[in-house]
Amino acid sequence: SIAVPGQHTRRYGGNTTCLEIRGEHDEVVILDAGTGIFPLGQQLLSRESKPIHLFITHTHWDHIQGLPMFKPLFDPNADITIYGPRDPVSGLDIRERLALQMDRHFFPVPLDRVPCALRFVDMSEAQQVHIGSLEVTSCLFNHPIVNFGYRVDDGAKKFVFTGDHEWPKEPHSLGNERPTISTSAPHKQRANSINFMRDCDVLVIDTAYTEEEYLTRHGWGHGTFDSSIKAAREAGVKKAFLTHHEPSRTDDMLDHVFQEALIRNQVEDHDPTFLLASEGTEVQI
Ligand SMILES: [Zn+2]
Ligand SMILES: [Zn+2]
């Protein structure tokens, strides 16, 4: 995807993926470093300084491109830990891949020269990390490259983000010739993903495409309105925010295809609450 600032994306926002989870003791957990991390970085500098824990789902541009402009990187008092999966194909760990986009051809300050205290943690699948009152767990979600979804749990409430995600297909179905990272059967992958989301209070789920758009985009690694609604119902989530809006869609078009999907899927009161993710939204859970 790509950042799409402008008058047609003013309501839902034109930045790419970045979410912040704040724990009850003001722990700072950030999921992804798309261009949305730039305004977040400015905001963090105006708050009391806390260690920053940044979890990267995967290293496609729209999820890391804001990192070089993340102000706390340049604050000598900032303490940042970046977590993410190692790429099983290239073998590069998360630090090596993030350093690539700050190579001198692309950015004036290399990643190993930023003045903050910076650590990297290679996440493996189903790994748990404890950050104050929060527990963050990783889970492999289907995408053309390794992509971890993350669950943040404080013992009472659960939040899940899928990262980029296309529901895996049975091998005989149309358009499934692109390789995926997971070695397990599609129905097992699906069950694993649904289980990971099970009963969560808030789910943020990749919902890039309409059903019609998806016909020509199998294997691109994204979900649809129907696939997200189906999954949220199956997993019994309470509130589902649909995200990764297709960048050529205007706010008005987005409202339109969303309403159509709610009607087509006969979404009712007993269903999860479905909402379109919009930039700057704060949710108390
Ligand atoms: Zn991606
Ligand atoms: Zn993406």
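When we follow this note's numbering, the leftmost residue of the sequence shown carries the number 15, and every step to the right adds one.
Every residue, glycine too, gets a C-beta built ideally from N, C-alpha and C.
All values reported here derive from a predicted model rather than from experimental measurement.
Kindly list the residues whose CB is nearer than 7 Å to the CB of residue i, restricted to its own chain and excluding five residues on each side of it in sequence; keep chain order.
i, result
"T49", "A17, N29, T30, Q79 and G80"
"V297", "V216"
"Y223", "R231, H236, T238 and E260"
"R36", "V42"
"S15", "T30, D76, H258 and P261"
"P19", "G28"
"I299", "K171, F173, D215 and V216"
"V281", "I243 and F288"
"E212", "Going by the sequence as given, residue 212 is Arg instead of Glu. A249 and G250."
Beta-carbon within less than 8 Å of residue i's beta-carbon, same chain only, minus the 5 sequence neighbours each way: which residues are those?
i, result
"H77", "T30, T31, D46, A47, G48, I70, T71, G177 and D178"
"C214", "R165, K172, F173, V174, A249, V251 and K252"
"S198", "N206"
"E293", "Y26, G27, G28, N29 and G50"
"D265", "H22, T23, R24, R25 and Y26"
"A170", "none"
"I66", "V42, I44, L58, P86, A92, D93, I94 and T95"
"R247", "D285 and P286"
Using a Cβ-Cβ cut-off of 6 Å (strictly less than) and excluding sequence neighbours within five positions of residue i, which residues of its own chain qualify?
i, result
"K253", "V216 and T287"
"V143", "V150"
"L55", "The residue you asked about is not Leu; residue 55 is Gly in the sequence shown. Closer than 6 Å at Cβ, skipping near neighbours: F84, K85 and P86."
"Y97", "F69, V135 and M137"
Look up residue i in the DSSP assignment and say whether it is helix, strand or coil.
i, result
"L290", "strand"
"Y26", "coil"
"L217", "strand"
"V302", "In this structure the chain extends from 15 to 299, so residue 302 is not present and cannot be described."
"V150", "strand"
"D269", "helix"
"A199", "coil"
"K244", "helix"
"L229", "coil"
"A222", "coil"
"M137", "strand"
"R263", "coil"
"D126", "helix"
"A170", "coil"
"F121", "coil"
"F131", "Rather than Phe, the amino acid found at residue 131 in this sequence is Ala. A131 falls in the strand class under three-state DSSP."
"A17", "coil"
"F155", "coil"
"R212", "coil"
Minimum length 3: unbroken beta strand (DSSP E) runs contained in the stretch 28-113: 33-36, 42-45, 66-69 and 93-99
Check whether the stretch 95-109 and the stretch 127-135 are in contact - that is, three or more C-beta pairs closer than 8 Å. yes
Would the stretch 17-26 count as touching the stretch 259-266 if we require 3 or more Cβ pairs under 8 Å? yes
Among all residues, which have a Cβ less than 5 Å from at least one non-hydrogen atom of ligand 1, and in what chain order do they fall? H74 and D178
*Sufficient close CB pairs (3 or more, under 8 Å) joining the stretch 233-250 to the stretch 281-299*: yes
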